[in-house]
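Working notes, beginning with the structure itself.
Residue numbers (the numbering used here): 97 to 271.
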């Protein structure tokens, strides 16, 4: 199964698809979708033993500054299965850079029709501070024990910058 045929979304950047690679709070294993086969492969075991604080995935048919698809953290009341596709909308973004380049993480929720329980989350201001702290802490430290890997968290950005990350990602993929 290839994710290459999955469109980025219905109404970019307002309504987009995210393919889940890692369920929220799952075991500390980093999975990635293989670009050639679409298979979900084990990229590595996270040396710090930390768990992703939200569902983690990517927007198909996008390309970000690190050469991978645009990453997204999907806030939901329950963990989602790896490989699942969920329609989402952005509420903000964590700006960061790692050893591969710019590596922003969108913070998103499912569209209201899919998950009415997150309909009240319109911006990062509506995301619980504890969850924002967990997300920031996770990305500041999850590579700490991996030789040659590093992360610099640059701070939070709002919906406009998140939308730009999405539209730029779609444009970069089409080049």
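Virtual Cβ for every residue (Gly too), placed ideally from N, Cα, C.
Taking only three categories from DSSP, how would you classify residue i?
{"i": "residue 132", "result": "coil"}
{"i": "residue 142", "result": "coil"}
{"i": "residue 198", "result": "strand"}
{"i": "residue 163", "result": "coil"}
{"i": "residue 235", "result": "helix"}
With distances taken from CA atoms, which of the options is nearest residue i?
{"i": "residue 156", "options": "140, 246, 99", "result": "99"}
{"i": "residue 181", "options": "129, 163, 142", "result": "129"}
{"i": "residue 142", "options": "234, 263, 271", "result": "234"}
{"i": "residue 173", "options": "167, 140, 191, 204", "result": "204"}
{"i": "residue 106", "options": "135, 212, 214, 183", "result": "183"}
{"i": "residue 272", "options": "101, 109, 103", "result": "With the chain covering only 97 through 271, there is no way to say anything about residue 272."}
{"i": "residue 268", "options": "164, 152, 169, 192", "result": "164"}
Near residue i, which residues of its chain fall below 6 Å by C-beta distance, leaving aside the five closest residues on each side in sequence?
{"i": "residue 240", "result": "144"}
When the cut-off is 8 Å and only beta carbons count, does residue i lie next to chain B?
{"i": "residue 153", "result": "The structure shown contains no chain B; it holds only a single protein chain."}
What does a CB cutoff of less than 7 Å around residue i pick up in its chain, not counting 5 residues either side in sequence?
{"i": "residue 237", "result": "144, 146"}
{"i": "residue 257", "result": "189"}
How long is the line joining the alpha carbons of residue i and residue j, rounded to whole angstroms?
{"i": "residue 232", "j": "residue 150", "result": "12 Å"}
{"i": "residue 122", "j": "residue 101", "result": "27 Å"}
I'd like the list of long-range same chain contacts for residue i, defined as Cβ closer than 8 Å, with 5 residues on each side in sequence excluded.
{"i": "residue 194", "result": "162, 239, 245, 246, 247, 248"}
Tell me, which residues are paired with residue i by DSSP?
{"i": "residue 184", "result": "112, 206"}
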